[in-house]
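Here's the structure we're looking at; comments come further down.
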Amino acid sequence: MSIPVLTPEQVQKKLLEKSYQAQESYYAMYSTWWGGIIQNPSLMMVPIDDHIVHRGDGVFEAIKVIEGKVFLLDEHLARLAQSAELIGLPLPMNIQEMRKTILETMAATQKQEAILRLYISRGPGGFTTNPYESVSSQMYLVVTSFKPVAEEKYQKGVSIGRSAVPPKDPWFARIKSCNYLQNVLMKKESVDRKLDFTVGFDSNGNLTESSTENIVILDHDGNLVRPKLVQILRGTTMIRAFDLSEKLKTQGLIKSIQERDIHEDDIRNAKEVMMIGTTLDVLPVSSFEGAKIGEGHQGPVAKEMLKLLRADIKNGPKATAVYA
Ligand SMILES: Cc1ncc(COP(=O)(O)O)c(C=O)c1O
C-alpha cells in the first residue's frame, strides 16, 4: 500500500466531491476564519489545530428560528458571553456585531425555520493544551434545518430513566462548553436503553438535567418546580417558560412557582413532569424507569405551558425578526 501525498488541487477536488445525506440539512456557515458565509456544505470546515477540535476548548449555543424569528437571541448571547468569560475566552467580536452576523447569515439562507449553532473557539495554533498557543479566538456559526419532535409525543409524553453517567461538577455544569462528553454519553445511554431521555442526579440525590434539556415537575401539591440553578445549565427556555407560567397561578392551574431540590421520589409522585429546552419547547413525560407519571400522558399544565411558549416564540417580545 502506498499512501498518496495530495496536491492542493487534488484536495480541493476531493473536498467538493465529498457528500453525504446529513449535508442536505446544512444551510449556511459563517466563519471569522474565512470572514464570510459559506453555503456549500462540503466546504463548511474548521482548522484541525483550532483548540475547539483537539481539546474541546470553546463555548457554544443552539438557538431556534421559527417563522423567520429568532427566539431568545439576546438570552443566548448573554449566556454565551458568560460561558466565555468563565473560561477566560475573549470574544472575537462584540455582542452587537455577533447579533448582526447571526441575522445576516440566517437571512442568507432565505429559510423560515432553522437551528443556529454558534461556537466561540480558542482558535487555531498548535496542538497542546496551552490556550495561549492560539492565534486568536474564532466564531463559527452553522445554520441547519430544524427537525421538530413528532407532534404525537406532545400528547403521549416521553419515557425517561435515571442516568448512570457521572454528573458534571457545578462549576462546569453552568458553562455551555464544547466539553460535552457527559451529555453525549447520556444521549447514548438513552438510545441504547430505548428511552427518550435519561436524567441525572447529583451526589446528594438531587435532580440535575438531561443531555441537552432541563427537567421540571408539577409536584403532588400542584407547585411548579424547577431545580436550583446550581448543578445545571441555566436553560433559556426553562427560564422563559417559568416567567410565562406566572399566568397559570391566576388561572388556578398551579399553586406556586418554586426553585428547590427535586428527588427521585418527587419525580415518581409528581402530577406532571416536563422536559424543557430549545428544540423541545415543553414536552411531557409519561414514565420514569417504566413507572407511569401522573395520568401517563400530557397533563393540563404541560399543555398550557406549551401553548404559552409557542405563542411567545411566534409573536412575543423575545422573538427577533430576521427578514424586514
Ligand atoms: C446541558 C443542557 N441543559 C439544558 C439545556 C436547555 O437550555 P436551553 O433552553 O437554553 O436550550 C441545554 C441546551 O442548551 C443543555 O445543553
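Residue numbers (this note's numbering): 1488 to 1811. Ideal Cβ positions, reconstructed from N, Cα and C, are used throughout, including at glycine.
Within 10 angstroms of the beta-carbon of HIS1538 lie 16 or more other beta-carbons, which makes it buried.
A distance below 7 Å between beta-carbons, with the five flanking residues on each side excluded, links LYS1505 to the following residues of its chain, in chain order: SER1529. Relative to the non-hydrogen atoms of ligand 1, the Cβ of ASN1670 comes within a distance shorter than 7 Å of at least one. Residue range 1694-1697 is occupied by the beta strand (DSSP E) that includes SER1697. Taken from the Cβ of LEU1720, at least one heavy atom of ligand 1 lies inside 7 Å. The way I'd put it, the region 1624-1641 doesn't touch the region 1670-1680; fewer than three beta-carbon pairs between them come closer than 8 Å.
Beta-bridge annotation (DSSP): LEU1770 is paired with MET1762. As computed with DSSP, PRO1611 is found in a beta bridge with ASP1537. Relative to ligand 1, GLY1764 has its C-beta within less than 7 Å of a heavy atom.
Placement of the Cβ of ASN1701 at a distance of less than 7 Å from at least one heavy atom of ligand 1 is found.
Under DSSP, VAL1557 shares a beta bridge with VAL1552, THR1807.
Going by DSSP, ARG1586 is part of the alpha helix (DSSP H) stretching over 1582-1596.
Not one heavy atom of ligand 1 sits closer than 7 Å to the Cβ of GLU1751.
Inter-residue distance for ILE1574 and VAL1546 is about 9 Å (C-alpha atoms, whole angstroms).
Between ALA1651 and GLN1497, the alpha-carbon positions lie close to 46 Å from each other.
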